[in-house]
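Colleague: In our numbering, the protein residues as written are 268 to 600. Attaching a single structure in structure tokens format; questions to follow.
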Amino acid sequence: MDHKKILTQIRNKEFSPVYFLQSDEPYFIDLIVDEIEKNVLDESEKAFNQIVLYGKEIDAKQILDQVMQFPMMASHRVVIIKEAQELKDIQNLATYISKPSSQSILVLSHKHKKLDKRKKKIWDALKKNATILDAKKLYDNQIPAYIQSIAQDLGLGIDNNACMLLSEYLGSDLSKVSNEINKLSLNLDKGTKINTAHIQQFIGINKDFNIFELQKAIGMKDKAKAYRIVKYFSQNAKANPMPRNIAGLYGYFTKLFVAKKYQNADNRILASKLRVNPYFVQEYKQAARIFSLEQIKTAFHQLHLMDKKSKGVDARRADDLGLYQEFIFKIMN
Numbered sequence: 268m269d270h271k272k273i274l275t276q277i278r279n280k281e282f283s284p285v286y287f288l289q290s291d292e293p294y295f296i297d298l299i300v301d302e303i304e305k306n307v308l309d310e311s312e313k314a315f316n317q318i319v320l321y322g323k324e325i326d327a328k329q330i331l332d333q334v335m336q337f338p339m340m341a342s343h344r345v346v347i348i349k350e351a352q353e354l355k356d357i358q359n360l361a362t363y364i365s366k367p368s369s370q371s372i373l374v375l376s377h378k379h380k381k382l383d384k385r386k387k388k389i390w391d392a393l394k395k396n397a398t399i400l401d402a403k404k405l406y407d408n409q410i411p412a413y414i415q416s417i418a419q420d421l422g423l424g425i426d427n428n429a430c431m432l433l434s435e436y437l438g439s440d441l442s443k444v445s446n447e448i449n450k451l452s453l454n455l456d457k458g459t460k461i462n463t464a465h466i467q468q469f470i471g472i473n474k475d476f477n478i479f480e481l482q483k484a485i486g487m488k489d490k491a492k493a494y495r496i497v498k499y500f501s502q503n504a505k506a507n508p509m510p511r512n513i514a515g516l517y518g519y520f521t522k523l524f525v526a527k528k529y530q531n532a533d534n535r536i537l538a539s540k541l542r543v544n545p546y547f548v549q550e551y552k553q554a555a556r557i558f559s560l561e562q563i564k565t566a567f568h569q570l571h572l573m574d575k576k577s578k579g580v581d582a583r584r585a586d587d588l589g590l591y592q593e594f595i596f597k598i599m600n
């Protein structure tokens with residue numbers, strides 16, 4: 268089931284006797300566990316009726332002992348098993364799950380790995396009586412849409428440039444993305460459309476000197492602007508680590524390679540091929556006209572060399588500014 272649907276049911280007090288939460292993306296699991304902790308019991312009921320256990324420290328019998336107890340002056344007993352993937356005898360819960368107590372809520376937080384489908388008995392019980400989250404980790408190209416979704420849930424809008432800037436800087440760590448957008452929501456009025464100035468003011472990502480602006484400068488072969496940005500990067504290396512920027516540039520030239528290949532396609536098709544918001548398609552098409560295929564291939568080669576030199580492979584580690592400047596010079600001349 269989709270994590271948003273599960274969250275809606277919990278907020279509407281439509282509880283399942285068993286939640287089995289497995290995902291490569293821990294953020295989705297944490298969201299649901301947090302919502303269960305907030306919505307089932309009030310604070311006065313939690314002391315006697317809500318318990319958190321860890322899979323590597325317990326066995327199935329200890330879990331069964333907890334879920335079979337009656338709630339004390341509350342509607343439910345909530346038993347949350349974190350690190351359920353470490354539970355050695357999880358299959359021994361199958362009998363209980365096939366006929367769970369209506370007065371208990373068992374939450375199995377099963378992160379980073381999938382439950383073995385060969386454990387048929389417990390799978391059959393889960394499919395019959397549990398609410399199951401089986402969510403995949405988002406791809407990098409799906410992050411901007413998710414940023415827009417989080418902002419919308421908080422009553423905010425976000426423009427395309429701000430969305431891409433957050434995506435480039437925060438990457439696919441959804442916990443970090445959510446925390447930063449929550450920070451914005453605390454400082455902005457409902458209905459505000461987040462822009463790059465807000466991001467600079469409240470998150471600290473410079474709206475003029477960032478990987479997104481560097482990509483645009485390179486795409487236009489604006490050497491002067493590109494040099495100004497990389498100088499800022501080298502002077503503020505902690506906030507602008509080179510490995511992250513190399514990855515960002517690699518992603519940019521990968522998209523540019525695709526744009527070059529499909530430069531005669533209409534914008535809708537090209538947006539799909541690039542996996543970007545259609546708003547940015549024209550920018551890639553323009554850069555694809557400016558860069559030859561050989562120059563794009565050169566960029567990949569130079570990025571590989573820059574990565575090696577930045578790590579001191581085959582040579583003494585070079586300074587950041589020199590590496591950035593050499594890269595810009597090589598791809599623009």
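Glycine included, C-beta positions come from ideal geometry on N, C-alpha and C.
Just mark Gln569 as buried or exposed, buried being the case when its beta carbon has 16 or more other beta carbons within 10 Å.
Modeller: buried
Colleague: Can you have a look at Val536 and say buried or exposed, based on whether 16 or more other CB atoms are within 10 angstroms of its CB?
Modeller: For the sequence presented, residue 536 should be read as Ile rather than Val. It counts as exposed.
Colleague: Taking the alpha carbon of Gly322 as the reference point, which residue from Ala341, Asn306, Lys355 has its own alpha carbon closest?
Modeller: Lys355
Colleague: From Ala351 to Asn428, what distance separates their C-alpha atoms?
Modeller: 40 angstroms
Colleague: With a CB to CB cut of under 6 angstroms and the five nearest residues on each side skipped, what residues in its chain are close to Ile470?
Modeller: Glu447
Colleague: For Leu590 and Val444, I'd like the C-alpha separation in whole angstroms.
Modeller: Whole-angstrom Cα-Cα distance: 29 angstroms.
Colleague: Put Ile325 into one of helix, strand or coil per three-state DSSP.
Modeller: If DSSP states are grouped into helix, strand and coil, Ile325 belongs with coil.
Colleague: Taking contact to mean at least 3 C-beta pairs separated by less than 8 angstroms, is the stretch 367 to 377 in contact with the stretch 332 to 352?
Modeller: yes
Colleague: Would you give the residue range spanned by the alpha helix (DSSP H) that Val346 belongs to?
Modeller: Val346 -> not in any alpha helix (DSSP H); beta strand (DSSP E) instead, spanning 344 to 349.
Colleague: Applying the 10 Å Cβ sphere with the 16-neighbour rule, what's the burial state of Gly422?
Modeller: exposed
Colleague: Leaving out five residues on either side along the sequence, give the residues of the same chain with a beta carbon under 6 angstroms from the beta carbon of Gly424.
Modeller: Lys460
Colleague: In chain order, what residues of the same chain have a beta carbon less than 6 angstroms from the beta carbon of Glu353, not counting five sequence neighbours either side?
Modeller: A distance below 6 angstroms between beta-carbons, with the five flanking residues on each side excluded, links Glu353 to the following residues of its chain, in chain order: Gly322, Lys323.
Colleague: For Asn258, which of Glu480, Ser439, Ile414, Phe479 has the nearest alpha-carbon?
Modeller: A query on residue 258 cannot be resolved here, the shown segment of the chain reaching from 268 to 600 and no further.
Colleague: What did DSSP end up calling Val285 once you bin it into helix, strand or coil?
Modeller: strand
Colleague: Got a sec? Which residues, its chain only, sit under 8 angstroms from Trp390 by beta carbon, not counting five neighbours each side?
Modeller: Leu382, Lys384
Colleague: Out of Gln530, Asp420, Thr398, Ser442, which one is the CA nearest neighbour of Tyr551?
Modeller: Gln530
Colleague: Determine, for Lys380, whether the minimum Cβ-Cβ distance to residues of chain E falls below 9 angstroms.
Modeller: No chain E is present in this structure, which holds just one protein chain.
Colleague: What residues in its chain sit with their C-beta under 8 angstroms from that of Lys403, if we drop five residues either side in the sequence?
Modeller: In chain order, Ser290, Asp291, Glu292 place their CB closer than 8 angstroms to the CB of Lys403, counting only its own chain and leaving out the 5 sequence neighbours on each side.
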